[in-house]
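Colleague:
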Amino acid sequence: MESEKPNLGRPNSELEKAAFKERLKNIDFLGGIKAGEEAVEQQDRETKTRREGAIEVSSVIPQKEVHELKEIYREYREIAKATDYDVLSLRVRLGEDSQEYHQRAKARYIREMEELEALFDSQDIWLAKFTTDYFSHASDEGLKVDEEKDSLYYVTPSGVSVRIKKSEVNEGKSARNDINEKILFMKPDGSYSSIPEMGTFVEEVWTERFEEILREGNPQIFPSLITTYVKQEKTVDFSLPPESRVRLHHGHRVNVIYFLENK
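The numbering used here numbers the first residue of the sequence shown as 29 and each following residue consecutively.
1. Taking only runs that begin and end inside the stretch 70 to 156, name each unbroken alpha helix (DSSP H) of 4 or more residues, in chain order.
2. Assign Ser86 to buried or exposed, taking buried as 16 or more other Cβ atoms, counted over all protein chains shown, within 10 Å of its Cβ.
3. Given that a residue counts as buried once 16 or more other Cβ atoms are within 10 Å of its Cβ, and exposed if not, what is Gly123?
4. When DSSP labels each residue in this structure, what does Ile285 get in the three-state scheme?
5. DSSP three-state call for Ile207: helix, strand or coil?
6. Buried or exposed, going by whether 16 or more other CB atoms sit within 10 Å of the CB of Val88?
7. Output the distance between the C-alpha atoms of Ile100 and Ser126, rounded to the nearest integer angstrom.
8. Name the DSSP bridge partner or partners of Met214?
9. Just tell me which of Asp178, Gly200, Lys210, Phe287 has its CA closest to the CA of Pro269.
10. Measure from the alpha carbon of Ser202 to the alpha carbon of each residue in Phe266, Phe213, Met141, then state which is nearest.
11. Buried or exposed: Phe158, going by 16 or more other Cβ atoms within 10 Å of its Cβ?
12. Going by DSSP, what residues sit across from Ser9 in a beta bridge?
13. Can you tell me which residues form a DSSP beta bridge with Thr255?
14. Can you name the start and end residues of the alpha helix (DSSP H) that Ile241 belongs to?
15. Within 10 angstroms of its Cβ, does Glu239 collect 16 or more other Cβ (buried), or is it exposed?
16. Quick check on Ser272: does DSSP put it in helix, strand or coil?
17. Pick from Gly279, Leu253, Glu289, Ile285: whose alpha carbon is nearest that of Glu84?
18. Can you give me the start and stop residues for the beta strand (DSSP E) that Leu180 sits inside?
19. Just to confirm before moving on: does the CB-CB distance between Ile285 and Pro224 stay below 8 Å?
20. When DSSP labels each residue in this structure, what does Ser186 get in the three-state scheme?
21. Considering only residues of the same chain and omitting the five flanking positions on each side of Arg132, which have a CB-CB separation below 8 Å?
22. Excluding sequence positions up to five away, which residues of its chain have a Cβ less than 6 Å from the Cβ of Ser186?
23. So what does Phe158 bridge to, in DSSP terms?
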């Protein structure tokens with residue numbers, strides 16, 4: 029299954045840094061603190077090396093795109109609110125432990141998933157639509173396709189993304205996910221692409237700052253604080269906003285690209 033946190037092995041991107049440091053909190057205090065500090069220092073040195081000589085690039089989400097995303101967000105929240113109300117009503121009426129409740133709740137979540145996909149498919153804002161492989165983790169494994177479990181993504185020209193996590197429905201949960209400020213695609217060599225390519229790993233960043241604009245702010249251009257580092261025409265790393273609550277998603281590999289527009 030896809031993880032909501034980055035791989036906790038040796039961090040190889042800014043995205044994994046926060047999770048890597050979190051892992052160190054669980055190291056045995058008697059024997060691991062020094063080793064943990066050395067690991068963080070090594071990670072910082074590798075980050076510095078990757079960024080050395082790179083150009084810092086910032087992006088702006090244009091006003092038209094923000095406006096369209098706000099409308100999508102409003103309809104998305106209406107669908108979510110109606111679903112949550114219906115599931116809660118079923119739980120109260122049938123009891124959370126009853127088989128009928130679980131069957132009917134799952135059916136309601138399937139309906140929500142279909143409504144979300146129909147909503148996103150009805151928009152012409154997207155640069156790309158694709159899925160990621162539910163099964164494989166390592167880059168040397170063959171790509172598989174499972175239309176009932178693979179996560180479905182939509183991406184705007186500015187790199188804003190939204191995901192429908194289909195596998196959750198099979199477990200009686202909602203497939204909906206938040207709209208993310210930025211998505212990048214990690215290649216086998218550790219560099220990043222801004223567009224989906226077969227076999228690349230998904231890395232998404234949700235920020236509270238962008239969520240607030242979608243929820244409450246007036247449609248306007250949105251200067252992203254997520255900085256990418258470009259060296260020899262390759263994006264080699266990126267950094268997270270310094271003053272915003274963030275949530276990270278390290279996803280699986282792209283296995284189907286439904287469309288990729290030239291916008």
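No residue lacks a Cβ here, since even glycine has one placed at the ideal position from N, Cα and C.
Modeller: Put simply:
1. 91 to 122, 127 to 149
2. Answer is exposed; the Cβ neighbour count stays below 16.
3. exposed
4. Strand, per DSSP.
5. Ile207 falls in the coil class under three-state DSSP.
6. Exposed.
7. 35 Å
8. In the DSSP output, where bridge partners are listed per residue, Met214 has Tyr220, Phe229.
9. Lys210
10. Met141
11. buried
12. Residue 9 lies beyond the residue range present for the chain, which begins at 29 and ends at 291; the question has no answer from this structure.
13. Ser267
14. Secondary structure note for Ile241: its alpha helix (DSSP H) is the uninterrupted segment 236 to 243.
15. buried
16. coil
17. Leu253
18. 179 to 183
19. yes
20. coil
21. Once the five neighbours on either side are set aside, the close Cβ partners of Arg132 are Leu118, Leu122.
22. Ile89, Glu93
23. Looking at the DSSP assignment, Phe158 forms a beta bridge with Tyr181, Ile285.
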